[in-house]
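Comments concern the structure below.
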Amino acid sequence: MINQHETKIRVRYSETDAMGRLHHANYLDYFEIGRTEQLRALGQTYREFEASGLFLVVTKIAVQYHRGAKYDDLLQLKTRTMRVTLVRIDHEYELFHDDLLIAKAASTLACVDRGGQVQRIPDWLLIEPDDAKQTHDKLSASADD
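Have a look at this one:
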């Protein structure tokens, strides 16, 4: 399953360091925003995903910083789902400002329950992205019956 979602994020003052640049730790928050907005675009919020008893936890993340972002910069984040297995999702990210690459990253998430035990990813996330929202809606409707 290859899926791309784009999100705009404005750098807030509280996210900058003493040099006026976006602090390196905040890039991870931006990548999380990309993942959760991508999930929302597929038809389910992360809150709803958690309410089903499942969680997506980061097991690996790597970031390459190319240039700095500053307070009030409007950034474009591209989040791509590169691979989905029965228990894992791999994402890649590209963060741009004015068409210049700011950072690239890759992450792996595992699907677990509240106790931290690995769980199977729901079927509606294992299919092609164009069909995921429609399948999620159908599964939700049948659960309500």
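For the sequence shown, our numbering assigns the number 4 to the initial residue and increments by one for each residue that follows.
Glycine included, each C-beta is placed from N, C-alpha and C at the ideal position.
Note that this is a predicted model, so its numbers are computed, not measured.
Spatial neighbours of residue i within its chain, please: CB distance less than 8 Å, with the 5 preceding and 5 following residues excluded, ordered by chain position.
i	result
I5	At I5 the pLDDT is 49, less than 50, meaning the model places this residue with poor confidence and gives no usable figure here.
V121	V90, A113, C114 and V115
R15	Y74
F61	The sequence shown places Val at residue 61, rather than the Phe named in the question. Hits under 8 Å: S110, T111 and L112.
Less than 8 Å between the CB atoms is what I'm expecting for residue i and residue j, so what's the real figure, rounded?
i	j	result
T10	G37	5 Å
Q67	K107	5 Å
H69	Q41	22 Å between Cβ atoms; not a contact.
Below 7 Å CB to CB, which residues in the same chain sit around residue i once its five sequence neighbours on both sides are set aside?
i	result
M22	none
S17	none
G56	D116 and R117
I105	H69, R70, A72, L78, L98 and F99
Determine the closest residue to residue i out of the options, with distance taken between C-alpha atoms.
i	options	result
T19	L98, E40 and A72	A72
Please list the terminal residues of the continuous beta strand (DSSP E) segment that includes residue i.
i	result
Q79	L77 to V87
Residue range of the alpha helix (DSSP H) that residue i falls in?
i	result
Y30	N29 to A44
R50	Y49 to A54
Give every residue of the same chain whose Cβ lies closer than 6 Å to the Cβ of residue i, excluding the five residues on either side of it in the sequence, and list them in chain order.
i	result
H100	A72, D76 and L78
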